[in-house]
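Colleague:
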Amino acid sequence: MPDSKSVAVGSKMMRRALCVVAAALVLVACSKKGPPPPPPVDVSTVAVAPQAATVAEDYVAETEAVNTVEIRPRVGGVLEKQVPTEGERLKVGAVLFVIDQQPYIAALAQAKAALAQSEAALIQSQRDLGRAKSLSEIDAVSQQELDAVVAKNDANRASVDAGRALVRTGELNLGYTTITSPIDGVMGRAQLRLGSLVAANTTLLTTLYQTDRMYVNFSISEQRLLTLQRQLGRAPNQDSPTPPPFRVFLADGSEYPQRPRLNFIDPAVNQRTGTLAIRLEVDNPQHLLHAGQFAR
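Below, the structure written as structure tokens:
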């Protein structure tokens, strides 16, 4: 049986050996280097500051000529001549149509002849009145006869005035047979062909459009109007020193090059739709815009 003292010494030796081995393992583990740390990442920063943002809103709009005139004859008759072609640009006073003038030439001649007769009758009655007054001074004619001469002279004078009015009417009617352009503009489609019978103040011959400037019409809701007024601190009327900025875009999405101006804001909200009508005005030097064109 081994000595207990020698067993204790052996156990102690074993523990020391294990400690030495463990220490060696720790030293070996500590001697190994780990992977290098990743490089620092560059981070950019942005300073954020509150700023006012402009929010654009789209509105469906329609273009309109600044002036549109329907051409109707002031006298009736047969359409005899059309001077310009459809779509032609015209100046004020340019001849558009001519109505058959012969009936009006004849009517004017008749009125002038009737006036000449009335003037001759007036001259005669004035002479008769002068003689009657001279005779009345010597009691050669009665008062009744003198009154009759005076009445006839007055009637002849009135007849002359009426004759002059008829002549003037005949001259006007004859002038109305030549229809001229009241504006600078573009002639639209001719509604009648030559030889057609036209009625005074009724028959539509064509329409003229003044397109050197154009209107752009659209509507905004009542709610949007209130929001806009709060943003501006005032009503966005056309007299404002800094009216809201507008831009016009055409049907193909392209922006119209000319900047529009606020022209009109309806003072009343449409009770049926709850919207307010707004009209812009924009120059149209190249005539890119046409009446009735879609825009936004």
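Mapped onto the numbering used here, the consecutive letters of the sequence shown carry residue numbers 13 to 308. Each residue gets a CB set at the ideal place from its N, CA and C atoms; glycine is no exception.
Which same chain residues end up closer than 8 Å to residue 127 when comparing Cβ atoms and leaving out the 5 residues on each side of it in sequence?
Modeller: The answer, listed in chain order, is 172, 175, 176, 178, 179.
Colleague: At which residues does the alpha helix (DSSP H) containing residue 201 begin and terminate?
Modeller: Note, residue 201: premise wrong, no alpha helix (DSSP H); not H, not E.
Colleague: Helix, strand or coil for residue 157 per DSSP?
Modeller: Residue 157: helix per DSSP, three-state reduction.
Colleague: Can you say whether residue 37 is buried or exposed, counting buried as having 16 or more other CB atoms within 10 angstroms of its CB?
Modeller: Any reading at residue 37 is ruled out, since the residue's pLDDT is 43, under 50, leaving its predicted position unreliable.
Colleague: So for residue 227, helix, strand or coil by DSSP?
Modeller: Reduced to three states, the DSSP call for residue 227 is strand.
Colleague: Could you say which of 69, 51, 50, 73 lies nearest to residue 226 if we only look at CA atoms?
Modeller: Looking at the Cα atoms, 73 is the closest of the given residues.
Colleague: In whole angstroms, what separates the C-alpha of residue 131 from that of residue 164?
Modeller: Rounded to whole angstroms, residue 131 to residue 164 spans 13 Å at the Cα level.
Colleague: Closest to residue 204 by C-alpha separation, out of 216, 193, 194, 212, would be which residue?
Modeller: Considering only alpha carbons, the answer is 216.
Colleague: Which one or two residues does DSSP pair with residue 136 in a beta bridge?
Modeller: Per DSSP, none; premise fails for residue 136.
Colleague: So for residue 86, helix, strand or coil by DSSP?
Modeller: Here residue 86 sits in coil by DSSP.
Colleague: Exposed or buried, which one is residue 213 when buried takes at least 16 other CB atoms within 10 Å?
Modeller: Exposed is the call here.
Colleague: Can you tell me the Cα-Cα spacing of residue 152 and residue 146, whole angstroms?
Modeller: Approximately 9 Å between the Cα atoms of the pair.
Colleague: For residue 87, which residues of its own chain have a beta-carbon under 8 Å away from its beta-carbon, when the five flanking residues on both sides are left out?
Modeller: The residues are 111, 116, 185, 188, 189, 212.
Colleague: In the DSSP assignment, the beta strand (DSSP E) including residue 294 goes from what residue to what residue?
Modeller: Counting along the chain, the beta strand (DSSP E) containing residue 294 begins and ends at 287-295.
Colleague: Just tell me which of 202, 157, 148 has its CA closest to the CA of residue 108.
Modeller: With distances taken between Cα atoms, residue 108 lies closest to 202.
Colleague: Write down the C-beta distance between residue 231 and residue 105 rounded to the nearest angstrom, noting that I regard them as a contact closer than 8 Å.
Modeller: Their Cβ separation, rounded to whole angstroms, is 37 Å, which puts residue 231 and residue 105 out of contact at 8 Å.
Colleague: Can you give the beta carbon distance from residue 220 to residue 195, rounded, assuming they're within the 8 Å contact cut?
Modeller: About 6 Å separates the two Cβ atoms, so the contact holds.
Colleague: Could you pull out every residue in the same chain whose Cβ sits closer than 6 Å to the Cβ of residue 79, ignoring the five residues on either side in sequence?
Modeller: If we look at residue 79 and ignore the five residues flanking it on each side, its Cβ neighbours are 195, 222.
Colleague: Are the CB atoms of residue 200 and residue 181 within a distance shorter than 8 Å?
Modeller: Cβ distance not < 8 Å, so residue 181 and residue 200 don't count as in contact.
Colleague: With a threshold of 8 Å on Cβ separation, who are the neighbours of residue 134 within its own chain once the five nearest residues in sequence on each side are excluded?
Modeller: Excluding residues within five positions, the ones whose Cβ falls inside 8 Å are 165, 168, 169, 171, 172.
Colleague: When you compare only the Cα positions, how much space is there between residue 289 and residue 278?
Modeller: When rounded, the distance between both Cα atoms is 5 Å.
Colleague: Among 90, 266, 276, which has the Cα closest to the Cα of residue 307?
Modeller: The candidate whose alpha carbon is nearest that of residue 307 is 266.
Colleague: For a test of the three-state rule: what should DSSP assign to residue 312, helix, strand or coil?
Modeller: Lying before the first or after the last residue shown, residue 312 is absent from the chain, which here runs from 13 to 308.
Colleague: What whole-angstrom Cβ distance do residue 292 and residue 273 have, given they're in contact under 8 Å?
Modeller: Sure, about 6 Å apart at Cβ, within 8 Å.
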